[in-house]
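Peer 1: The structure's right below; bear with me while I get my questions together.
Number of protein chains: 2
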Amino acid sequence: MMRVGIIGVGTVGSHVVKILQENEDIITARSGKKIVPIMGIVKDLSKKRDINIPLSDNVDDVLENPEVDVVLELMGGVDEAYTIVKRALQNKKPVVTANKALLAYHRYELKDIAGDTPIGYEASVAGGIPIIKALREGLSANHIEAIKGIMNGTCNFILTKMMNEKAEFADVLKEAQELGYAEADPTFDVGGFDAAHKLLILASIAYGIDVKPEEILIEGIENINSEDIFFAKEFGYNIKLLTIAKKCGNKVELRVHPALVPIKQMIAKVDGVMNGISVIGDRVGETMYYGPGAGGSATASAVVSDLIDIARHTQNSPMLGFIKPLESAGLSLMNSDDIATKYYMRVKVADKIGVLSKISEVLGRHSISISSFLQKQDALKENSAVLLFSTHTCKEKDIQNALKELKGLEFVEIPPAMIRIES
Amino acid sequence: MMRVGIIGVGTVGSHVVKILQENEDIITARSGKKIVPIMGIVKDLSKKRDINIPLSDNVDDVLENPEVDVVLELMGGVDEAYTIVKRALQNKKPVVTANKALLAYHRYELKDIAGDTPIGYEASVAGGIPIIKALREGLSANHIEAIKGIMNGTCNFILTKMMNEKAEFADVLKEAQELGYAEADPTFDVGGFDAAHKLLILASIAYGIDVKPEEILIEGIENINSEDIFFAKEFGYNIKLLTIAKKCGNKVELRVHPALVPIKQMIAKVDGVMNGISVIGDRVGETMYYGPGAGGSATASAVVSDLIDIARHTQNSPMLGFIKPLESAGLSLMNSDDIATKYYMRVKVADKIGVLSKISEVLGRHSISISSFLQKQDALKENSAVLLFSTHTCKEKDIQNALKELKGLEFVEIPPAMIRIES
Numbered sequence: 015m016m017r018v019g020i021i022g023v024g025t026v027g028s029h030v031v032k033i034l035q036e037n038e039d040i041i042t043a044r045s046g047k048k049i050v051p052i053m054g055i056v057k058d059l060s061k062k063r064d065i066n067i068p069l070s071d072n073v074d075d076v077l078e079n080p081e082v083d084v085v086l087e088l089m090g091g092v093d094e095a096y097t098i099v100k101r102a103l104q105n106k107k108p109v110v111t112a113n114k115a116l117l118a119y120h121r122y123e124l125k126d127i128a129g130d131t132p133i134g135y136e137a138s139v140a141g142g143i144p145i146i147k148a149l150r151e152g153l154s155a156n157h158i159e160a161i162k163g164i165m166n167g168t169c170n171f172i173l174t175k176m177m178n179e180k181a182e183f184a185d186v187l188k189e190a191q192e193l194g195y196a197e198a199d200p201t202f203d204v205g206g207f208d209a210a211h212k213l214l215i216l217a218s219i220a221y222g223i224d225v226k227p228e229e230i231l232i233e234g235i236e237n238i239n240s241e242d243i244f245f246a247k248e249f250g251y252n253i254k255l256l257t258i259a260k261k262c263g264n265k266v267e268l269r270v271h272p273a274l275v276p277i278k279q280m281i282a283k284v285d286g287v288m289n290g291i292s293v294i295g296d297r298v299g300e301t302m303y304y305g306p307g308a309g310g311s312a313t314a315s316a317v318v319s320d321l322i323d324i325a326r327h328t329q330n331s332p333m334l335g336f337i338k339p340l341e342s343a344g345l346s347l348m349n350s351d352d353i354a355t356k357y358y359m360r361v362k363v364a365d366k367i368g369v370l371s372k373i374s375e376v377l378g379r380h381s382i383s384i385s386s387f388l389q390k391q392d393a394l395k396e397n398s399a400v401l402l403f404s405t406h407t408c409k410e411k412d413i414q415n416a417l418k419e420l421k422g423l424e425f426v427e428i429p430p431a432m433i434r435i436e437s
Numbered sequence: 015m016m017r018v019g020i021i022g023v024g025t026v027g028s029h030v031v032k033i034l035q036e037n038e039d040i041i042t043a044r045s046g047k048k049i050v051p052i053m054g055i056v057k058d059l060s061k062k063r064d065i066n067i068p069l070s071d072n073v074d075d076v077l078e079n080p081e082v083d084v085v086l087e088l089m090g091g092v093d094e095a096y097t098i099v100k101r102a103l104q105n106k107k108p109v110v111t112a113n114k115a116l117l118a119y120h121r122y123e124l125k126d127i128a129g130d131t132p133i134g135y136e137a138s139v140a141g142g143i144p145i146i147k148a149l150r151e152g153l154s155a156n157h158i159e160a161i162k163g164i165m166n167g168t169c170n171f172i173l174t175k176m177m178n179e180k181a182e183f184a185d186v187l188k189e190a191q192e193l194g195y196a197e198a199d200p201t202f203d204v205g206g207f208d209a210a211h212k213l214l215i216l217a218s219i220a221y222g223i224d225v226k227p228e229e230i231l232i233e234g235i236e237n238i239n240s241e242d243i244f245f246a247k248e249f250g251y252n253i254k255l256l257t258i259a260k261k262c263g264n265k266v267e268l269r270v271h272p273a274l275v276p277i278k279q280m281i282a283k284v285d286g287v288m289n290g291i292s293v294i295g296d297r298v299g300e301t302m303y304y305g306p307g308a309g310g311s312a313t314a315s316a317v318v319s320d321l322i323d324i325a326r327h328t329q330n331s332p333m334l335g336f337i338k339p340l341e342s343a344g345l346s347l348m349n350s351d352d353i354a355t356k357y358y359m360r361v362k363v364a365d366k367i368g369v370l371s372k373i374s375e376v377l378g379r380h381s382i383s384i385s386s387f388l389q390k391q392d393a394l395k396e397n398s399a400v401l402l403f404s405t406h407t408c409k410e411k412d413i414q415n416a417l418k419e420l421k422g423l424e425f426v427e428i429p430p431a432m433i434r435i436e437s
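Respectively, the protein sequence lines represent chains A and B. Just so we're aligned, residue 15 is where the first sequence starts under the working numbering, counting upward by one. Just so we're aligned, residue 15 is where the second sequence starts under the working numbering, counting upward by one.
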């Protein structure tokens, strides 16, 4: 028997208890022993909960309880969770956590504290999809060339609706909030921060690189509008919030932003609240992993798979993928300025003679050359036009400088918008 | 250091050697030790090979070699491979194999012989996609409700071409042979047997069920024609060779056959030589795994990941997913007669009055009701028509009886064809 103490019994925690109890037959057959939740820690004991395990509001009842074999951290947050997981590991209790923020900030400290004590965190990235296992074990023979993920269901739901119904961001966000797919304060999701946390966890497994969320390029989907959708459809793209990790020599690009993705790519076909992660290995080529990235039951499925691994004593694979430091080492974060990709731009201008030639001149001076171009009359304002165009590959720094310069031109009516193209 | 002996150094074996040598840095960092191929066994020593390890034509140089820590079986075939793997395991040498036929017939014997000695076989199903790991470990908390796989690249290439170009089977098969995607004798692939071997391996992990290829329904793609493609397009389907495992109470359905799959499903979007496996778990819902199902480098990627697992001592998870026999047990193979699904039929008839009513009468008598219907004039033969229709859910046995009866009607010109619909 393996006895589990659960710190934080919310949606995911309740589903973990349910799975352990309702699927006891298959879990026992697969792990060779019963896995039994024996204690749950909650903040407010007076709240009614539909689970039948003893509850306490004192974490010591799990952390210092000799009967608890494994600690499940499902409380969320960074600082308090870190203290608790640290204590559990110092007491040599294996830990399973679904806490991506904790790992985005403290994964390397936790790895060092853990030593040989297992930490499972499959549930921290892409919910029910076993992407941690795939990357850490399934693709371990490969140098990872790139990871492109759709790892935020809220954003993907909104963007899918915008593409399918030519709806505007604000309207779809409201609908997502009503359906429970977006929080009242949606910033963490639509701003790309949730996806960034997940990206950093995957980047550690792929590259052994220690980076904090503040160090990487993160852009949200708030500024996508129906003109961008129009351009994307016209030229065969979907718009997705992508998390991208890419190896270029001894630099690793890490970025989260909306991107135009050719509709032929498998990752572009991941719609609605679903998640998908495409991984390019130097030996295997592209593999892709698809499924529900959130939800109590799917996330709990991943948590319980970690518990079963611990029961089987197979959680010996190194927490972040590497037993020895990578000898080719020297991998460091690429400066965002040096990102090279293709770009799409939207520039709203007064419809006057000479506008296009002035814009072309600015772009040319920044070494940016245009690939496709579309001009539309502004539906709402007379004598206004919207210029939509894509570029050949150029440097992020050049694009940013060009955007700044365009913004200052007297006939440019609102700050120009830009979306990167991932092909 | 972990030293590997390779029995059978063909395409996959050569790629394994290449990966171990060229990706030594990452493999050592990930596994904590060097993994070194020290001996290869080949049938014909005189043949030129582009690899730099010692070769021998005597299997004892691996099996009885005290320097060999792990045996890699890449020779293929069933009987001889079984003898060799058995000897390796009896000598307590861990084994990694890519041999699906061996496992389709002998996986349970090998599991018993192995005991605690690891056997890795990730490469035996869907090449570079870590589907064995996903099913055995990633989804271990779930009762598996269904597996639907596209696991034969040859068939998927042919069907994709037929769909995209409205081409006929024989022409596309010839092209596939010229491109090296199909063997000179394509029966093993296009007849569904290769996919069936893989299905049985996955079914053991999901259900603990021991079944041989001869016991399950296997149909190939040889009889699909352009009229079927026409119907599929008209009603929003793709045609795929599907491997299906499905739990219905205490019965498990296992079958391999072409199927009409709604184009909205992710699995229907897996095109060309690529593989995809959709797995439905009772807790996680649908997850899907996509990637290259064949090819030397992709398959070798899976082989090497197994070697790394053995080096890390994480290959302790039970070979076929279960440590104890499943207690809910009693799962047995469903008789093919009892399969219930929707069906598509193609009936070529003399274009006479009363034909349709006679056919409807036959179907009705067998409890089959029609859902969609299309009639086409035969392009090649005057006074002939092709009736294309789909049914509501009915029983395989009723369909088979109806097909037999229709075949005997004087105005039915060639034996009617049937494709199952998976929605």
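Glycine is no exception: its CB is placed at the ideal position from the N, C-alpha and C atoms.
Let me know the secondary structure DSSP gives residue 131 of chain B once reduced to three states.
Peer 2: Looking at residue 131 of chain B - three-state DSSP - the assignment turns out to be coil, as it is neither helix nor strand.
Peer 1: Buried or exposed: residue 262 of chain A, going by 16 or more other Cβ atoms within 10 Å of its Cβ?
Peer 2: That one is exposed.
Peer 1: In chain B, what lies closer than 7 Å to residue 143 of chain A by C-beta?
Peer 2: Chain B residues near residue 143 of chain A: 301.
Peer 1: Assuming residue 215 of chain A is part of the alpha helix (DSSP H), what are its boundary residues?
Peer 2: Looking at the DSSP string, the run of the alpha helix (DSSP H) that includes residue 215 of chain A is 207-221.
Peer 1: Around the C-beta of residue 166 of chain A, are 16 or more other C-beta atoms found within 10 angstroms, so that it is buried, or is it exposed?
Peer 2: Residue 166 of chain A comes out buried.
Peer 1: Am I right that residue 255 of chain A and residue 209 of chain A are in contact with their C-beta atoms under 8 Å? What's the rounded C-beta distance?
Peer 2: The Cβ separation is near 6 Å, so the contact holds.
Peer 1: Just to confirm, is the Cβ distance from residue 347 of chain B to residue 268 of chain B under 8 Å?
Peer 2: Closer than 8 Å, so yes.
Peer 1: Taking its Cβ as the centre, do 16 or more other Cβ atoms sit within 10 Å of residue 15 of chain A, making it buried, or is it exposed?
Peer 2: Answer is exposed; the Cβ neighbour count stays below 16.
Peer 1: Does any residue of chain B have a CB that is nearer than 8 Å to the CB of residue 176 of chain A?
Peer 2: Chain B contact via Cβ: absent.
Peer 1: Quick one: which residues of the stretch 255-284 of chain B get their C-beta closer than 7 Å to a C-beta of chain A? List them in chain order.
Peer 2: Cβ contacts with chain A: 280, 283.
Peer 1: Closest Cβ-Cβ distance between residue 42 of chain A and chain B: below 8 Å?
Peer 2: At least one chain B Cβ lies under 8 Å of residue 42 of chain A.
Peer 1: When DSSP labels each residue in this structure, what does residue 195 of chain A get in the three-state scheme?
Peer 2: Here residue 195 of chain A sits in coil by DSSP.
Peer 1: For residue 47 of chain B, which residues from the same chain have a beta carbon less than 7 Å from its beta carbon, with the 5 sequence-adjacent residues on both sides left out?
Peer 2: If we look at residue 47 of chain B and ignore the five residues flanking it on each side, its Cβ neighbours are 15, 16, 325.
Peer 1: Can you tell me where the alpha helix (DSSP H) holding residue 316 of chain B begins and where it ends?
Peer 2: Here the alpha helix (DSSP H) through residue 316 of chain B covers 310-325.
Peer 1: Pairs of beta-carbons, one from the stretch 397-408 of chain A and one from the stretch 32-49 of chain B, closer than 8 Å: are there three or more?
Peer 2: Cβ pair count under 8 Å is below three, so no.
Peer 1: Just mark residue 312 of chain B as buried or exposed, buried being the case when its beta carbon has 16 or more other beta carbons within 10 Å.
Peer 2: With 16 or more Cβ atoms within 10 Å of its Cβ, residue 312 of chain B is classed as buried.
Peer 1: Closer than 8 Å, CB to CB, is residue 326 of chain A near chain B or not?
Peer 2: Interface residue, yes.
Peer 1: In whole angstroms, what is the alpha-carbon distance linking residue 41 of chain A and residue 34 of chain A?
Peer 2: About 7 Å.
Peer 1: Can you tell me whether DSSP reads residue 349 of chain A as helix, strand or coil?
Peer 2: Coil, per DSSP.
Peer 1: Whose C-beta lies closer than 7 Å to the C-beta of residue 245 of chain B among residues of the same chain, with five residues either side of it excluded?
Peer 2: Answer for residue 245 of chain B: 358, 388, 402, listed in chain order.
Peer 1: Should the stretch 155-172 of chain B be called in touch with the stretch 302-318 of chain B, which here means at least 3 C-beta pairs below 8 Å?
Peer 2: Taking 8 Å as the limit for Cβ pairs, the verdict is that the stretch 302-318 of chain B does touch the stretch 155-172 of chain B.
Peer 1: Opposite residue 29 of chain A in the DSSP bridges: which residues?
Peer 2: Paired residues: none, contrary to the question.
Peer 1: Per DSSP, what kind of secondary structure is residue 121 of chain B in: helix, strand or coil?
Peer 2: If DSSP states are grouped into helix, strand and coil, residue 121 of chain B belongs with the helices.
Peer 1: In the stretch 67-107 of chain A, which residue ranges form an unbroken beta strand (DSSP E) of at least 3 residues, counting only runs that do not cross its ends?
Peer 2: Segments of the beta strand (DSSP E) lying fully in the stretch 67-107 of chain A: 84-87.
Peer 1: Suppose the cutoff is 7 Å on Cβ atoms and the five residues either side in sequence are ignored; what does the same chain contact list for residue 412 of chain A look like?
Peer 2: Here the set comprises 380, 381, 382.
Peer 1: Chain A beta carbons: is any one of them nearer than 8 Å to that of residue 154 of chain B?
Peer 2: So yes, residue 154 of chain B belongs to the interface.
Peer 1: Look at the Cβ atom of residue 272 of chain A, then the Cβ atom of residue 232 of chain A, and state whether they are nearer than 8 Å.
Peer 2: Not closer than 8 Å, so no.
Peer 1: Give me the subset of the stretch 300-322 of chain A whose CB atoms are less than 7 Å from a CB atom of chain B, sorted by chain position.
Peer 2: Cβ contacts with chain B: 300, 301, 302, 303, 304, 305, 306, 311, 312, 314, 315, 318, 319, 322.
Peer 1: Let me see if you follow: with CB-CB separation under 8 Å, is residue 157 of chain A close to chain B or not?
Peer 2: By this cut-off, residue 157 of chain A is an interface position.
Peer 1: Here's the rule I'm using: 16 or more other beta-carbon atoms within 10 Å means buried, otherwise exposed. How should residue 292 of chain A be labelled?
Peer 2: Classification for residue 292 of chain A: buried.
Peer 1: Below 8 Å on the Cβ atoms is my contact criterion, and I expect residue 148 of chain A with residue 144 of chain B to pass it. Report the Cβ-Cβ distance as a whole number of Å.
Peer 2: Right, the Cβ-Cβ distance comes to about 5 Å (below 8 Å), so this counts as a contact.
Peer 1: So for residue 116 of chain B, helix, strand or coil by DSSP?
Peer 2: If DSSP states are grouped into helix, strand and coil, residue 116 of chain B belongs with the helices.
Peer 1: Going by beta carbon distance, what residues of the same chain come within less than 8 Å of residue 159 of chain B, once the five residues before and after it are set aside?
Peer 2: Correct list, in chain order: 260, 261, 294, 295, 296.
Peer 1: If you draw a straight line from the C-alpha of residue 84 of chain A to the C-alpha of residue 323 of chain A, how long is it?
Peer 2: Looking at the two C-alpha atoms, the distance is approximately 12 Å.
Peer 1: Given a cut-off of 8 Å, decide if residue 154 of chain A and residue 11 of chain A are closer than it, judged by their beta-carbon atoms.
Peer 2: Residue 11 of chain A lies beyond the range of chain A shown here (15 to 437); nothing can be said about it.
Peer 1: Cα-Cα, which of B/405, B/101, B/301 is closest to residue 142 of chain A?
Peer 2: Out of B/405, B/101, B/301, B/301 has the C-alpha closest to the C-alpha of residue 142 of chain A.
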